[in-house]
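In case it helps, the numbering used here puts the sequence shown at residues 520 to 717.
Think of the CB as a built atom: it goes at the ideal place given N, C-alpha and C, for glycine as much as any other residue.
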Amino acid sequence: MPALVPTDFVARVTWIGRVTDREAALPSDAMEEAFLSFAGIAGEAHGGLTRPSCSRVVSQHPRGTEIRNVRQVSIVSVEELAEIAAEMGVGALHPRLLGASLAIEGIPDFTHVPPSSRLQGPDGATLVIDMENQPCHLPAKPIDDEGPGNGRAFKAAAKGRRGVTAWVEREGTLRLGEVLRLHVPSQPAWRHASGSAA
């Protein structure tokens with residue numbers, strides 16, 4: 520049996536974006552298509568083959584250590600954005616406000632697809648899902664810029680719905696409206712996933 524299994528789940532690309540300077544602003548700029556190189560999307564501030572380690576991996580590496588960049592691309596789900604917006608009490612939440620690289624629709628409970636799953640485009644471009652992207656306070660400001668006072672509700676509302684980060688396994692081009700197929704690891708869930716000892 521192959522280590523990765525194609526599923527019947529597909530996702531349509533509804534947004535492609537790029538953050539060119541994350542120190543200046545988090546929101547991403549719209550693109551019609553994006554070439555995915557092994558370093559990510561060209562001109563993307565989160566791109567690169569490596570990155571300095573941050574608070575997310577401080578238990579493994581001292582902050583600032585050069586590590587493999589598995590956070591090249593940020594992917595959010597249209598369905599989960601709608602759930603976040605509803606919990607926040609706003610009409611809609613645009614993926615650009617979160618600095619998203621891609622917004623997709625069609626895969627249920629997208630934030631919790633198994634790590635190491637693949638999303639593959641029509642020309643073979645392939646993204647490997649690293650893991651859930653934990654919500655943080657950074658989108659609060661751009662959300663407030665759109666609707667003053669709304670940003671503070673984002674972090675709690677986005678818990679378990681913030682999408683995933685991913686890295687490029689195979690180069691290629693993604694375009695708006697294209698369909699990506701989900702491939703998942705064939706191995707069973709680890710029986711010690713709760714963290715308890717045997």
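Across the set Phe528, Val532 and Ala561, the C-alpha of Ala561 shows the shortest separation from the C-alpha of Glu690. Nearest neighbour of Val703 by Cα position, chosen from Ser593, Val687 and Arg637, turns out to be Arg637.
In this structure the segment 655-674 does not lie against the segment 579-597, because fewer than three pairs of beta carbons, one per stretch, are closer than 8 Å. Annotation: the continuous alpha helix (DSSP H) that includes Leu600 extends over Val597 to Met607. Contact between Pro521 and Ser705 holds: their C-beta atoms lie close to 7 Å from each other, under 8 Å. Beta bridge pairing from DSSP links Trp534 with Ala622. The residue among Glu585, Glu697, His580 and Pro581 with its C-alpha nearest the C-alpha of Thr569 is Glu585. In the three-state reduction of the DSSP assignment, Gly668 falls in the coil class.
Residues of the same chain with a CB within less than 7 Å of the CB of Gly610, apart from the 5 flanking positions on each side, are Ala604 in chain order. At the C-beta level, Gly625 and Val529 come within 7 Å of one another. In the three-state reduction of the DSSP assignment, Thr630 falls in the helix class. The C-beta separation of Pro661 from Lys674 comes to about 13 Å, leaving the pair out of contact by the 8 Å criterion.
When secondary structure is reduced to three states using DSSP, Asp663 falls in the helix class.
If you compare the alpha carbons of Leu657, Leu699, Gly670 and Arg681 with that of Ala543, the shortest gap goes to Leu657. Cβ neighbours of Ala549 within its own chain (closer than 8 Å, five residues either side excluded): Trp534, Ile535, Gly536 and Arg615. Relative to the Cα of Leu646, the nearest Cα in the group Glu606, Gln591 and Asn669 belongs to Gln591. Taking the C-beta atoms as reference points, Ala564 is found nearer than 7 Å to Arg541. Residue state for Val589 is assigned as coil, using DSSP reduced to three classes.
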